[in-house]
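Trainee:
Listed below in C-alpha cells is the structure:
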C-alpha cells in the first residue's frame, strides 16, 4: 500500500503509472485529466475570443480600436487638405505654363531657358576660300587636320577636305589595325538623336553616324586624336564659362573667422596627395585656400541655401552651400560646395587583432573618438554662429541662415544607386554625405508622387516633380514602407500636394503632354489624375455597386449565446450553417481568385496554424515524457509491486 501511494503521487505529478497501483495511480491520472481539461478549456476560450467565432464571445471590430479610429480621422483630414491644395495647384500650373508658352516665362515649351550655343548659330567658314588647309606631307593624299581658331576638324572625303565643327562630334578614338600592325584606325562618331538640333529640324534627312580612317603613321594618328580631344574639351570649357555669372570681388575686411583643417568637395584638380585647407569668413564671402595656393571664393550673395550638419552617426561634420549661380571648380560647373572634417578614420586598421569588449585600450580609444567628435562639432558650431551674426548684421536682406537637417524626419532611400539617409530641412530635402549631393528646394516642387505605395510591398519610390517641367524629375527609390506614414504627415504639415500611385509613370512623356496643352490638362482635372483612390472608387461605381454575397445580411454573432447543454439539433444546425458558409466562402474565393485574401483572413489563418502547431508540440512532449517514465522509474515500481 505504501509503495502504491508513492507511485501514485508520481503518476499524478507526471503521466501516471502503467501498473495497477490502486488509488495512487488513479488519483494521479485523474489529476492529470483535470489539469488537461482545464488547460484545454482555457485554450478554447482564448481561441474563441481571438477568432471571434466562438460561442459566448463578442467580436472585436477594428472600428472599436481608438488608434484605428484616430488614423481614419487623420486620413480624412489629409484628403480634405489635398482637395484644397489641388485647386490652388491647378490654377498655378495653368497660369505658369500659359505665360511661358506666350514667351513671358523664358524657356518656352521645349527650351530649358539656358544660354547654350545652338548648332544652327555656328558659322565656321563663310566661304570655301576661308578654308586654308595645310599641304599634305611628301605630296601624299589629304590627311586629317585641325583648325584651332575655327574650332573645326578637316576630314578627307574622296580627296577633298570637308570641315566639321567639333560640337557635332560625340566621340573620337584610335586603335591599332588588326590587318596591319604598322597602321592605326581613327574612328569619329557624330551627334545623333532628338537632343541634336539638326536632327529635329530635318527629320527626313539622313545623317552620318560614323567615319573611319586608316592612318599609316601611328604617331600622327595618336597626335590627331589627342589634339582633337583637347580642342573639344577647351571648347566645352569656353561654352560653360560663357554661361557663368560674374562674381563680385572678395573683400577680406577687418576681422575674419577661420576654420582650419577642412576638406572641400568637389576637390581641386591635379595629381598628388590631397591636402586640407583653411576656410575663412570674410566681409562679403568665404575664401578657401590650400597649402598649394589654390583659392576658391564663395560670395554671400551667391548662396541660396546654407546647411550645417554635425556628426552623429556619420564620419563627417560639414557645412554645405547651395549656390544661386554655378561656379567653376575642377574645370566643371557646380552649384554645390561643401567643406567638411572627418571626426574619425574612414578606414579601420586590422593589424591590431581582435580585442575584448572590456579591453582598456579599446575603451580609451572610443573615449578619444567621442572627445574628438564633440570638439570638431563645437568648432563648426562656433564658426556657424559667428557667420550667422555677420549675415544678420550686414546682409539682412539676404535672409540667410544655416539650416540643420531634422534627423527625426529622415528616411532611408536610394539616390543615384546609393542607399543613403534623406533628411528634410526647413526649406529643402537634402542628402549631403554621399556624392553626388541631393538638394531639392521645396519651393520649386510642383507635386510629389509616392509610387508603388501598396500594403504588400516592403518599399516604395518617391518622385519629386519640379515646377520647371523642362527639368528632370528627382526620384528616390527603395524607401521602406514603414516610413510612408511619417512622410505623408510631414508633407501634409508643409502643405505640399502629394498622391499615392500604384505604378511608376513615364514622367518625361507626361510632362511633355502637359506642356503642349495646359488648358486641356486643367480641364481634365489637373493633378487629380494621380489620385489612385479616386480612380478606384470611380471603377467600383461603374461596376454597378452590387454587394458581394453575405455582405448586406452580415450580423455579428456575438449577441447569441450557446450553453454547454445544447441538444444535437442545434449542433446539426450549426454544422449545416458552417458548411453553407464554407461553400459560400469557396465560391467567393473562386470569384475573387485574383484578389487573394485580405489582412484579416491571413491573420486568422496564421493564428490557427500557430495554435495547431502549439497543440501538436505539447502532445509530442507529453508522449516523450510518458515514454521516459515508463522505461525508467515506472518500470522499477512495477517490479517492486509484483515481488
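In this note's numbering, the protein residues as written are 6 to 648.
Positions of the beta carbon are idealized from the N, C-alpha and C atoms, including for glycine.
No experiment lies behind these values; they were computed from the predicted model shown.
Taking residue 216 as the reference, which of 270, 160, 250 and 233 has the closest Cα?
Mentor: On the chain shown, residue 216 is found 211 positions in, with the first residue counted as 1. Of the candidates 270, 160, 250 and 233, the one whose C-alpha sits nearest the C-alpha of residue 216 is 160.
Trainee: State the Cα-Cα distance for the pair residue 288 and residue 335, rounded to the nearest angstrom.
Mentor: On the chain shown, position 283 is the one that residue 288 refers to. On the chain shown, position 330 is the one that residue 335 refers to. Their backbone Cα atoms lie some 25 Å apart in a straight line.
Trainee: Can you tell me whether residue 458 is buried or exposed, with buried defined as 16 or more other CB within 10 angstroms of its CB?
Mentor: Along the chain shown, one-based indexing puts residue 458 at 453. Buried.
Trainee: Could you check what DSSP says for residue 531 in three-state terms: helix, strand or coil?
Mentor: Numbered from its first residue, the chain shown carries residue 531 at position 526. Helix.
Trainee: Would you check if there are 3 or more beta carbon pairs closer than 8 Å linking the stretch 385-402 to the stretch 440-455?
Mentor: no
Trainee: Please report the distance separating the alpha-carbon of residue 652 from that of residue 235.
Mentor: Outside the displayed span of the chain (6 to 648) sits residue 652, for which this structure offers no information.
Trainee: Closest to residue 328 by C-alpha separation, out of 184, 174 and 442, would be which residue?
Mentor: Counting from one through the chain shown, the residue named residue 328 turns up at place 323. Among 184, 174 and 442, the Cα nearest to that of residue 328 is on 442.
Trainee: From residue 194 to residue 306, what distance separates their C-alpha atoms?
Mentor: As a working mapping, residue 194 is identified with position 189 in the chain shown. As a working mapping, residue 306 is identified with position 301 in the chain shown. Residue 194 and residue 306: Cα-Cα distance of roughly 43 Å.
Trainee: According to DSSP, residue 415 sits in a beta bridge with which residue or residues?
Mentor: Counted from its first residue, the chain shown places residue 415 at position 410. Under DSSP, residue 415 shares a beta bridge with no residue.
Trainee: How would you call residue 518, buried or exposed, if buried means at least 16 neighbouring beta carbons within 10 angstroms?
Mentor: Indexing the chain shown from 1 puts residue 518 at position 513. Flag for residue 518 reads exposed.
Trainee: Have a look at 456, 303, 136 and 153 and flag the residue whose alpha-carbon is nearest the alpha-carbon of residue 485.
Mentor: Along the chain shown, read from residue 1 onward, the residue named residue 485 stands at position 480. It is 456 whose Cα lies nearest to the Cα of residue 485.
Trainee: Would you mind giving the Cβ-Cβ distance between residue 437 and residue 343, rounded to the nearest angstrom? I have them listed as a contact below 8 Å.
Mentor: As a working note, residue 437 is residue 432 in the chain shown. As a working note, residue 343 is residue 338 in the chain shown. Residue 437 to residue 343, Cβ: 7 Å. Contact.
Trainee: If the criterion is Cβ atoms closer than 7 Å, does the pair residue 408 and residue 431 meet it?
Mentor: As a position in the chain shown, residue 408 is number 403, starting the count at 1. As a position in the chain shown, residue 431 is number 426, starting the count at 1. Closer than 7 Å, so yes.
Trainee: Taking residue 201 as part of the alpha helix (DSSP H), name the residues at either end of that continuous run.
Mentor: Position 196 of the chain shown, counting from 1, holds the residue named residue 201. It is not in any alpha helix (DSSP H) - residue 201 carries neither H nor E in the DSSP assignment.
Trainee: Take residue 94 as the anchor and find which of 495, 526, 129 and 532 has the nearest alpha-carbon.
Mentor: Here the question's residue 94 lines up with position 89 in the chain shown. Nearest C-alpha to residue 94: 532.
Trainee: In the structure shown, what three-state DSSP assignment does residue 365 receive?
Mentor: Residue 365 sits at position 360 when you count from the first residue of the chain shown. Under the three-state reduction of DSSP output, residue 365 falls in the helix class.
Trainee: Tell me which residue opens and which closes the beta strand (DSSP E) that residue 649 is part of.
Mentor: Only positions 6 to 648 of the chain appear in the structure, and residue 649 is not among them; the question remains open.
Trainee: Starting from residue 226, trace the alpha helix (DSSP H) in both directions and tell me its first and last residue.
Mentor: Counting from 1 along the chain shown, the entry for residue 226 is found at position 221. Element bounds for residue 226: 223-247.
Trainee: Report the residue from 184, 167, 152 and 176 whose alpha carbon sits nearest the alpha carbon of residue 133.
Mentor: The residue given as residue 133 occupies position 128 in the chain shown. Nearest C-alpha to residue 133: 167.
Trainee: Whole angstroms are fine: how far does the CA of residue 291 sit from the CA of residue 303?
Mentor: Mapped onto the chain shown, residue 303 falls at position 298. Mapped onto the chain shown, residue 291 falls at position 286. C-alpha of residue 303 to C-alpha of residue 291: approximately 5 Å in a straight line.
Trainee: Taking the alpha-carbon positions, what's the residue 170 to residue 275 distance?
Mentor: Here residue 170 refers to the residue found at position 165 when the chain shown is read from its first residue. Here residue 275 refers to the residue found at position 270 when the chain shown is read from its first residue. Roughly 29 Å between the two C-alpha positions.
Trainee: Once the 5 residues before and after residue 205 are set aside, which same chain residues still bring their CB inside 7 Å of it?
Mentor: Counting from 1 along the chain shown, the entry for residue 205 is found at position 200. Cβ within range, chain order: 199.
Trainee: Short check: CB of residue 322 to CB of residue 379, under 7 Å?
Mentor: In the chain shown, residue 322 corresponds to position 317, counting from 1. In the chain shown, residue 379 corresponds to position 374, counting from 1. It is not a contact, given that the beta carbons lie outside the stated cut-off.
Trainee: If you draw a straight line from the C-alpha of residue 501 to the C-alpha of residue 90, how long is it?
Mentor: Here residue 501 refers to the residue found at position 496 of the chain shown. Here residue 90 refers to the residue found at position 85 of the chain shown. In a straight line, the C-alpha of residue 501 is about 8 Å away from that of residue 90.
Trainee: Pull up the distance between the alpha-carbon of residue 411 and that of residue 218, whole angstroms please.
Mentor: The residue given as residue 411 occupies position 406 in the chain shown. The residue given as residue 218 occupies position 213 in the chain shown. Looking at the two C-alpha atoms, the distance is approximately 59 Å.
Trainee: Out of curiosity, what's the CA-to-CA distance linking residue 340 and residue 331?
Mentor: If you number the chain shown from 1, residue 340 lands on position 335. If you number the chain shown from 1, residue 331 lands on position 326. Residue 340 and residue 331 have their C-alpha atoms some 4 Å from each other.
Trainee: Please list the segments of the beta strand (DSSP E) lying wholly inside the stretch 414-497, counting only runs of 3 or more residues, in order along the chain.
Mentor: 416-420, 423-429, 433-436, 443-446, 450-456, 464-471 and 479-485
Trainee: Check the C-beta distance from residue 415 over to residue 428 and give it rounded, since I have them as a contact under 8 Å.
Mentor: For the purposes of this step, residue 415 is taken as the residue at position 410 of the chain shown. For the purposes of this step, residue 428 is taken as the residue at position 423 of the chain shown. For residue 415 against residue 428, the beta-carbon gap comes to about 5 Å, under 8 Å, which counts as contact.
Trainee: Entirely within the stretch 152-200 and at least 3 residues each: give me those beta strand (DSSP E) ranges in chain order.
Mentor: 157-162, 165-170, 174-181 and 189-195
Trainee: What's the call for residue 105, buried or exposed, on a 16-neighbour Cβ count within 10 Å?
Mentor: Working through the chain shown from its first residue, we reach residue 105 at position 100. With 16 or more other Cβ atoms within 10 Å, it is buried.
Trainee: Let's see if you can read the secondary structure: which residues bound the alpha helix (DSSP H) around residue 516?
Mentor: Here residue 516 refers to the residue found at position 511 when the chain shown is read from its first residue. Looking at the DSSP string, the run of the alpha helix (DSSP H) that includes residue 516 is 512-521.
Trainee: Considering only C-alpha positions, which residue in the set 191, 313, 148 and 201 is nearest to residue 163?
Mentor: Locating residue 163 in the chain shown gives position 158, counting from the first residue. Ranking 191, 313, 148 and 201 by Cα distance to residue 163 puts 148 first.
Trainee: Measuring straight from C-alpha to C-alpha, what distance separates residue 78 and residue 464?
Mentor: The residue you call residue 78 lines up with position 73 of the chain shown. The residue you call residue 464 lines up with position 459 of the chain shown. C-alpha separation (whole angstroms): 25 Å.
Trainee: Please confirm whether residue 165 and residue 230 have their CB atoms less than 7 Å apart.
Mentor: The residue given as residue 165 occupies position 160 in the chain shown. The residue given as residue 230 occupies position 225 in the chain shown. Cβ atoms of residue 165 and residue 230: not closer than 7 Å.
Trainee: Answer yes or no: do residue 349 and residue 308 have a C-beta to C-beta separation smaller than 7 Å?
Mentor: Walking along the chain shown from the start, residue 349 turns up at place 344. Walking along the chain shown from the start, residue 308 turns up at place 303. Contact flag unset, no.
Trainee: Beta-carbon separation of residue 267 and residue 281 under 7 Å?
Mentor: Along the chain shown, one-based indexing puts residue 267 at 262. Along the chain shown, one-based indexing puts residue 281 at 276. Yes; because the gap between Cβ atoms is below 7 Å, this pair is in contact.
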